[in-house]
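Written below as structure tokens is the structure these notes are about.
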Amino acid sequence: MKLNIFSNQIDFTTSEKVVISYLENHLNEIDGLTITDLAKKSLTSNATIIRLSHKLGYNGFKDLKVNIIKNIETNRFTNNQVDFSFPFSPIDDLNTIKNSMTDLYLNGLTLLRNKIKMSDIKKVANLILTSKNTFIFANGDTGITSKSFINKVNKLNIYPVLATENGEENNITTRMNEHDLAIFISYDKYASQYNEEIEILKKKHVNFIIITANTDPAVFAQATVGIAIPNEEKSNKVATFYSQFAFHFVLNLIFSVLYQAKMLN
């Protein structure tokens with residue numbers, strides 16, 4: 105990372121440029137780095153580092169180091185290039201991990217705010233309110249996220265059922281009718297996971313909602329309501345940080361509209 109405190113307008117010596125290059129290529133070490141460590145690792149001298157610090161307007165290396173750390177923090181929090189699949193690496197220090205995760209959520213919120221249409225959220229809330237029964241189809245981490253949503257809306261006297269909890273999704277689907285509602289939540293595999301259930305519901309004219317990052321036109325367009333989240337997470341990833349955060353965000357928006365409707369009626 106290039107640090108803007110090392111101005112291009114300053115005429116640095118060859119040794120000073122070596123120190124700068126080392127610092128910019130070892131930012132994760134800065135916090136615990138002493139002037140002696142830096143001199144040894146950059147194959148320069150304490151005197152060179154002190155001269156560099158003074159040339160930049162700092163009292164010494166300690167003062168320079170504090171400002172480098174501040175510069176790193178500023179650059180990190182204004183960095184829009186977030187890897188949603190690998191927000192941090194195994195060799196990152198704890199502050200880097202904290203800041204990377206903060207970037208992930210801040211950037212994720214921005215993406216979702218710009219993508220999600222509240223008109224779709226309201227349609228989903230109205231369908232939940234007007235349907236006799238609501239069944240949610242979600243597996244794995246997404247199933248856990250869905251349970252959190254179910255727990256919230258239970259407090260509004262709304263009682264969705266997690267159809268996939270005990271492997272009964274097929275039996276439940278065959279018993280559903282046009283007065284019921286199905287909500288499918290899957291990051292990118294709903295077409296393969298729930299194809300059989302979706303086909304049954306289509307034949308029975310049951311309303312169904314899809315919340316996903318995979319807008320497969322063959323199925324997505326046939327949903328009563330389709331809510332697409334930005335597709336930023338790859339299949340190979342550290343964990344489902346982004347996808348579950350995105351689903352939480354969408355489901356919390358639905359809860360908010362349900363809450364508003366309940367309080368106003």
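Remember, our numbering sits 104 above the position in the sequence shown when you count from 1. Heads up, the beta-carbon is just placed ideally off N, CA and C, and yes, glycines get one too. Given the structure is predicted, the values throughout are model-derived calculations rather than measurements.
A Cβ-Cβ separation of about 15 Å leaves F353 out of contact with I287 under the 8 Å criterion. In this structure, T278 sits away from N243, with a CB-CB distance that is not shorter than 7 Å. In the DSSP assignment, L285 forms a beta bridge with T238 and N311. Taking 7 Å as the cut-off, the beta carbon of I289 is found closer than this to the beta carbon of S250. Excluding five sequence positions before and after I173, the CB atoms of its chain that fall closer than 8 Å to its own CB belong to I134 and D135, given in chain order. In the three-state DSSP reduction, V186 falls in the coil class, being neither helix nor strand. If you look at G212, you'll find it in the alpha helix (DSSP H) that goes L198 to K219. Contact check for N311 and L231: beta-carbon distance about 6 Å, within the 8 Å limit, so the pair qualifies.
Excluding sequence positions up to five before and after V342, its CB lies within less than 8 Å of the CB of S189, F190, P191 and F192, all in the same chain and listed in chain order.
If you look at A325, you'll find it isn't in any beta strand (DSSP E); DSSP assigns it neither H nor E.
Our two residues, L142 and D167, have alpha carbons roughly 14 Å apart in a direct line. Look at the beta carbons and you see the region 297 to 315 touching the region 329 to 338: at least three pairs across the two are nearer than 8 Å. Around V123, the same chain offers L142, S146, T148, T152, I153 and L156 as residues with beta carbons nearer than 8 Å, after the five sequence neighbours per side are excluded.
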